[in-house]
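K.L.:
Quick one: the structure is below, questions incoming.
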Amino acid sequence: MIVAIDGPAASGKGTLGRRIAAHYGLPHLDSGLLYRAVALALIARGGDVHDASAATAVAQALDPQMLGDPALRGPAAGAGASVVSAVPEVRAALLDFQRRFAAEPPGAVIDGRDIGTVICPHAEAKIFVTAAPEERARRRALEFAGRGEPADEASILADILARDARDMGRAVAPLAQAADAVLLDTTTLNADQAFAAALAIVEARIGAPSRRAG
């Protein structure tokens, strides 16, 4: 079983992905971490995230072990990821990795921006998670503050709007709701309510009772 969860930055798709994966006992992949890892590796070596050739080289040699680096959750990696993810060659380099992950039995839960449209177009369940930009900025500010990082909500909102524009406007695999994905607006939902709604969507699509891990 493959569950594809797409949506813009700070919509809650990562949290939902982890919880749904745990519920079904499936592996989870936050595909955004792949692009964050490329950006972070470039930044660490003093490179420019706007250098398409350098970004492609890093993506082609990406070490999956990097995905556990806490720095990937920081604002620099996030902003850089939105830039490198617009490079077609970077996306191509990471495409096979994601598809191989999804193809391993018994399946997977993958969240990102083009999972239901490009990476796993035949996923059994697809959810497109969204929320109002102001709410997404509030959540991200709380996340940063919780890690002791600067959290200026106005600046975060501006960054989120800029990332939305880049993600939706890029020529290759733009952020978009798949035709067969179910829209889930989490603006007024807390984490538990969003999870319950997402789980109901998956259950309706797979036509089977809940299968909890363990």
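In the numbering used here, the protein residues as written are 1250 to 1463. Backbone N, C-alpha and C fix where the C-beta goes; we use that ideal spot for every residue, glycine too. None of the values given here were measured: they were computed from a predicted structure.
By the DSSP assignment, the alpha helix (DSSP H) with His1272 in it spans what residues?
P.N.:
Numbered from 1 along the sequence shown, position 23 holds the residue referred to as residue 1272. Looking at the DSSP string, the run of the alpha helix (DSSP H) that includes His1272 is 1262-1273.
K.L.:
Using C-beta distances below 7 Å, list every residue in its chain close to Ile1269, excluding the 5 sequence neighbours before and after it, in chain order.
P.N.:
Here residue 1269 refers to the residue found at position 20 when the sequence shown is read from its first residue. Within the same chain, Ile1269 has close Cβ partners Val1252, Val1358, Ala1447, Leu1448, Val1451.
K.L.:
With Ala1308 and Val1287 assumed to form a contact (beta carbons below 8 Å), what rounded beta-carbon distance in angstroms separates them?
P.N.:
Along the sequence shown, read from residue 1 onward, the residue named residue 1308 stands at position 59. Along the sequence shown, read from residue 1 onward, the residue named residue 1287 stands at position 38. Between Val1287 and Ala1308 the Cβ distance is about 5 Å, and since that is below 8 Å, they are a contact.
K.L.:
Determine the contact status of Ala1258 and Arg1387, defining contact as a CB-CB distance below 8 Å.
P.N.:
In the sequence shown, residue 1258 corresponds to position 9, counting from 1. In the sequence shown, residue 1387 corresponds to position 138, counting from 1. Taking 8 Å as the Cβ cut-off, Ala1258 and Arg1387 do not qualify as a contacting pair.
K.L.:
Pick out whichever of Ala1445, Asp1434, Arg1419 has its Cα sitting closest to the Cα of Val1336.
P.N.:
Within the sequence shown, residue 1336 is the residue found at index 87, counting from 1. With distances taken between Cα atoms, Val1336 lies closest to Arg1419.
K.L.:
Tell me which residues share the same chain as Gly1463 and place their Cβ nearer than 6 Å to its Cβ, disregarding the 5 neighbours each side in the sequence.
P.N.:
The residue you call residue 1463 lines up with position 214 of the sequence shown. Per-residue confidence for Gly1463 stands at a pLDDT of 41, beneath the threshold of 50, marking its modelled position as unreliable; the derived number appears in the next sentence. Scanning its chain for C-beta atoms nearer than 6 Å, with the 5 sequence neighbours on each side dropped, one finds no residue around Gly1463.
K.L.:
Helix, strand or coil for Asp1255? Go by DSSP, reduced to three states.
P.N.:
Position 6 of the sequence shown, counting from 1, holds the residue named residue 1255. DSSP places Asp1255 in strand when its eight states are reduced to three.
K.L.:
If I measure Cβ to Cβ from Ser1459 and keep anything under 6 Å in the same chain, skipping five residues before and after, which residues do I get?
P.N.:
As a working note, residue 1459 is residue 210 in the sequence shown. Low confidence applies here, because Ser1459 scores a pLDDT of 48, under 50, leaving its location unreliable; read the following figure in that light. Nothing listed; no residue qualifies.
K.L.:
Would you mind reading off the limits of the beta strand (DSSP E) that contains Ala1357?
P.N.:
Locating residue 1357 in the sequence shown gives position 108, counting from the first residue. Its beta strand (DSSP E) spans residues 1357-1361.
K.L.:
With burial defined as no fewer than 16 other Cβ atoms inside 10 Å of the residue's Cβ, what is the status of Ser1334: buried or exposed?
P.N.:
Position 85 of the sequence shown, counted from the start, is the residue given in the question as residue 1334. By the beta-carbon neighbour count (other beta carbons within 10 angstroms, threshold 16), Ser1334 is buried.
K.L.:
Would you call the region 1424-1437 and the region 1371-1384 in contact, with 3 or more CB pairs under 8 Å?
P.N.:
Contact between the region 1424-1437 and the region 1371-1384 is established, with three or more Cβ pairs separated by less than 8 Å.
K.L.:
For the alpha helix (DSSP H) that contains Ile1292, what are its first and last residues?
P.N.:
Stepping through the sequence shown from its first residue, residue 1292 is reached at position 43. First-last of the alpha helix (DSSP H) with Ile1292: 1281-1293.
K.L.:
Does DSSP put Thr1366 in a helix, in a strand, or in coil?
P.N.:
In the sequence shown, counting from the first residue as 1, residue 1366 sits at position 117. Looking at Thr1366 - three-state DSSP - the assignment turns out to be helix.
K.L.:
Do Asp1279 and Gly1261 come within 8 Å of each other at the CB atom, strictly closer than that value?
P.N.:
The residue labelled residue 1261 in the question sits at position 12 within the sequence shown. The residue labelled residue 1279 in the question sits at position 30 within the sequence shown. For Gly1261 and Asp1279, no; Cβs fall outside 8 Å.
K.L.:
Since Val1339 is in the alpha helix (DSSP H), which residue starts that stretch and which ends it?
P.N.:
Taking the sequence shown and counting its residues from 1, one reaches residue 1339 at position 90. DSSP places Val1339 in the uninterrupted alpha helix (DSSP H) bounded by 1337-1352.
K.L.:
For the putative contact between Leu1424 and Asp1416, defined by C-beta atoms under 8 Å, what is the C-beta separation to the nearest angstrom?
P.N.:
Stepping through the sequence shown from its first residue, residue 1424 is reached at position 175. Stepping through the sequence shown from its first residue, residue 1416 is reached at position 167. Leu1424 to Asp1416, Cβ: 4 Å. Contact.
K.L.:
On the criterion of 16 or more Cβ atoms from any shown chain inside 10 Å, does Arg1461 qualify as buried, or is it exposed?
P.N.:
Taking the sequence shown and counting its residues from 1, the one referred to as residue 1461 is at position 212. Because the pLDDT at Arg1461 is just 47, under 50, the model does not fix this residue reliably, and the point stays unresolved.
K.L.:
My guess is that Gly1361 and Asp1429 are in contact by the Cβ rule of under 8 Å, so how many angstroms apart are they, rounded?
P.N.:
As a position in the sequence shown, residue 1361 is number 112, starting the count at 1. As a position in the sequence shown, residue 1429 is number 180, starting the count at 1. Wrong, their Cβ atoms sit about 17 Å apart, outside the cutoff.
K.L.:
List the endpoints of the continuous alpha helix (DSSP H) containing Val1451.
P.N.:
Within the sequence shown, the letter at position 202 stands for residue 1451. Here the alpha helix (DSSP H) through Val1451 covers 1440-1455.
K.L.:
State the Cα-Cα distance for the pair Ile1292 and Pro1354, rounded to the nearest angstrom.
P.N.:
Taking the sequence shown and counting its residues from 1, one reaches residue 1292 at position 43. Taking the sequence shown and counting its residues from 1, one reaches residue 1354 at position 105. If I take the Cα positions, the gap works out to 35 Å.
K.L.:
My understanding is that Met1250 touches Tyr1273, with C-beta atoms under 8 Å, so please give their C-beta distance in whole angstroms.
P.N.:
Position 1 of the sequence shown, counted from the start, is the residue given in the question as residue 1250. Position 24 of the sequence shown, counted from the start, is the residue given in the question as residue 1273. Confirmed, Cβ separation roughly 7 Å.
K.L.:
Once you ignore the five residues that flank Gly1317 on each side, which residues in its own chain have a CB closer than 7 Å to its CB?
P.N.:
Translated into the one-based positions of the sequence shown, residue 1317 becomes position 68. Taken in chain order, the list of residues that qualify is empty.
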